[in-house]
Amino acid sequence: MSTLDIEAPLPRARADLMPALLVLALAAIALPLVGSFSTWVTLTFAGLAMGMIIFIVASGMTLVFGLMDVLNFGHGLFIAIGAYMAATVLGSMADWTQSGSLWTNLAAVLPAMIVGMLVAGAVGLAFERVIVRPVYGQHLKQILITMGGMIIGEEIIKMMWGPQAITLPLPESLRGAFLLGDAAIEKYRVVALAVGLIVLGGMLWVLNRTKLGLLIRAGVEDREMVESLGYRIRHLFVGVFVAGSMLAGLGGVLWGMYQQSIVPQLGAQVNVLIFIVIMIGGLGSTVGCLIGALLVGLMANYTGFLMPKAALFSNIALMVAILLWRPQGVYPVTNR
Amino acid sequence: MTVQPLLELKDVHTHIGAYHILHGINLSVPASAVTMLLGRNGAGKTTTLRTIMGLWRATQGQVCLDGTPIGGPGTRTSPPDMARMGMAYVPENMGIFGDLSVKENILLAARMARNAAQLDTARLEWIFGFFPALKKFWLHPAGKLSGGQKQMLAMARAIIEPRRLLLVDEPSKGLAPAIIQNMIDAFIELKQSSTTILLVEQNFNFARRVGDFAAIMDNGQVVHAGAMPELAEDEALQTRLLGLSLGSHQ
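Going line by line, the protein sequences match chains A and B. Counting along the first sequence from 1, when you hit position 32 you're at 32 in this note's numbering, and nothing is skipped either side. Counting along the second sequence from 1, when you hit position 245 you're at 581 in this note's numbering, and nothing is skipped either side.
What follows is the structure in structure tokens.
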């Protein structure tokens, strides 16, 4: 090697747009299969809204895994807590949710979101301290104990709200749909998409524009080096775990209103989708998580329309196909 | 030459799992000087640096900084504590964050700076003087740098703020000769600014040019410690302890 090394041009850093194009390709492939353009628009919008909700709940979990290699199978519990908090808060504000005013309705949804996030965050803090911390670095124990934690959580939910499904009616002005030509766009999905975009924007801002975000991204790559630079990764991890729990709580509020009916097992049901999403995205990758969530949301809606019995299988098949193409997910994190 | 030690290892033992790697290290690292830690592959040099930094726990003995125990049984000092006490560590694999830009890597190492605007620009320019490639590729992803450029970045990260003690594992690895000279100049300037440096190195020519003191390790123990000029002139000692002579690396 010579001094040329200093001047050696770097390989051109090309943006890897293939995974994003995959989302467009999936939508394009679905169009002729669905047949009707207006139905396709409706399904696509519904898929994007569902994808954004899944992104909100999965983004915290992918960072938790990336930072500390913690496999938290109990993440679904925070989603269920968010959904039940929404049912409780919105149930106690029935006058507000039944009002015909959009602003009054949103004024009821906002506290539901805040309470859902705060309670899920508080439970997340306790969950990390009591359940996760004793099993750092032990994957098998993490799987078993976090699943156990979620089962206990589900039983507590049954004790408090009962085992039967609870309806979670949408506020009055969020019901129904806008018509775009022949395509129906459900109003609530517009709200869900907007909330998802706000969360995405905030998350990307924190991760890319703040030192805290730098630390999180660096910690996902090489936590030992982050510690050697003088930062306490354990504190960072607890913060990310709680933030991830709060996001899951927010996602639970949105998911509950999306389904309009919630059961104590809701967390376990959504957990499957979360794991598919973070494996598609690449463990620890936020942008990968977004791509994975959008793919899963779209796939679920298209197959739900075309082949309802194959809905869950289609997402697993999608994951397998993507892992055959990119075994570490669409956007693997360097050094992992 | 008698120099007050900044760092002392007293009968330090380190186990990694079932393996007993360090077998009672005794080492004194003089303040404001460069000490070279030499030895064959597998002698325990990297383990010694990692034990000092707290990345692996000393199971017996004591690591002292300025006379205060910071490592060994009974101490609870972690790597972040070591960094806050003024220690910086450059691992053999460089520990570069490949998904982050060069700027972001440097910003993380400057704990006092909340954003790039708060970086000490004079110090940054001083570093760019040694490692100009970093200025050129300031906004590029660090993962795209060549091996030598990553080594420069790892060093730059370690010295972006004044440190009391630098622990560097094989700094010359993969570097072009011109950059090795710049690295040597950087170590000499750092030493003059009262920074204490402990280097693990396989390149004996580099070691001779940089080091004030040398400690040779074999089988998890320090088997020789003394002034570098003495070792550089004693080919019999080099051959006996290192299996090589500096003469063969001219």
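Cβ atoms here follow ideal geometry from the backbone N, Cα and C, with glycine treated the same way.
By the C-beta density criterion, HIS139/A is exposed, having fewer than 16 other C-beta atoms within 10 angstroms. Within the stretch 40–115 of chain A, the runs of alpha helix (DSSP H) at least 4 residues long that lie entirely inside it are, in chain order, 75–92 and 94–97.
Contacts with chain A at 8 angstroms (Cβ-Cβ) include ASP435/B. Taking 3 residues as the shortest admissible run, the stretch 421–479 of chain B contains the following complete beta strand (DSSP E) segments, listed from N- to C-terminal end: 423–426. A direct Cα-to-Cα measurement between SER99/A and ASN105/A gives close to 7 angstroms.
The bridge partners DSSP lists for HIS356/B are HIS351/B.
Around the Cβ of ALA30/A, a 10 Å sphere holds 16 or more other Cβ atoms; the residue is buried. C-alpha of THR532/B to C-alpha of MET423/B: approximately 9 angstroms in a straight line. Taking C-beta atoms as the reference points, LEU200/A and LEU290/A count as a pair closer than 8 angstroms.
Within the stretch 476–542 of chain B, the complete alpha helix (DSSP H) runs of at least 4 residues fall at 483–495 and 513–528. At a beta-carbon threshold of 8 angstroms, none of the residues of chain A lie near GLY465/B; the nearest stands roughly 12 angstroms away. Per the C-alpha coordinates, the member of GLY281/A, THR303/A, LEU125/A and VAL287/A positioned closest to ARG326/A is GLY281/A. By the rule that beta-carbons nearer than 8 angstroms mark a contact, LEU391/B touches chain A. In the three-state reduction of the DSSP assignment, THR371/B falls in the strand class.
With respect to LEU343/B, LEU391/B sits apart: the two C-beta atoms are not nearer than 8 angstroms. Residues of chain A with a Cβ closer than 8 angstroms to the Cβ of GLY431/B are, in chain order, ASP222, GLU224, MET225 and SER228. By the Cβ rule, the stretch 82–98 of chain A does not count as touching the stretch 62–73 of chain A, because fewer than three pairs are nearer than 8 angstroms. At a cut-off of 8 angstroms, the C-beta of PRO415/B has a neighbouring C-beta in chain A. Apart from sequence neighbours up to five positions away, the residues of its chain that approach THR303/A with a beta-carbon distance below 7 angstroms are ALA310, ALA311 and SER314, ordered along the chain. Per DSSP, the beta-bridge partners of VAL558/B are MET553/B.
Selection VAL263/A, TYR258/A, ILE322/A and LEU174/A evaluated against ALA46/A yields TYR258/A as nearest (Cα-Cα). Looking at the DSSP output, ILE233/A shares a beta bridge with no other residue.
Taking 8 angstroms as the cut-off, the Cβ atoms of GLY434/B and GLY556/B do not count as close. The C-beta distance from ALA449/B to PHE467/B rounds to 19 angstroms, too long to fall under 8 angstroms, and the pair is not in contact.
In the DSSP assignment, GLU186/A falls outside any alpha helix (DSSP H) and lies within the beta strand (DSSP E) extending over 183–186. The beta-carbon separation of PHE549/B and PRO416/B, rounded to 28 angstroms, does not stay under the 8 angstroms limit for a contact. The beta carbons of SER36/A and LEU247/A sit no closer together than 8 angstroms. Chain order gives the chain A residues near LEU443/B as LYS211 and LEU214, where near means a beta carbon separation below 9 angstroms. In the DSSP annotation of this structure, the continuous segment of the beta strand (DSSP E) that includes THR404/B starts and ends at 404–407. When secondary structure is reduced to three states using DSSP, ASN362/B falls in the strand class. When THR350/B, VAL370/B, PHE540/B and VAL438/B are compared, the shortest CA-CA separation from LEU526/B is found for VAL370/B.
Under the criterion of beta carbons closer than 8 angstroms, THR350/B and LEU358/B qualify as touching, at roughly 4 angstroms. Within chain B, the residues placing a beta-carbon under 9 angstroms from that of ALA218/A are PHE433, ASP435, LEU436, GLU440, ASN441 and LEU444, ordered along the chain. Flagged as an interface residue toward chain B: ARG232/A, by a C-beta distance shorter than 8 angstroms.
With contact defined as three or more Cβ pairs closer than 8 angstroms, the stretch 485–504 of chain B and the stretch 439–448 of chain B are in contact. For the set GLN396/B, HIS356/B and GLN398/B, the Cα lying nearest the Cα of GLY378/B is the one of HIS356/B.
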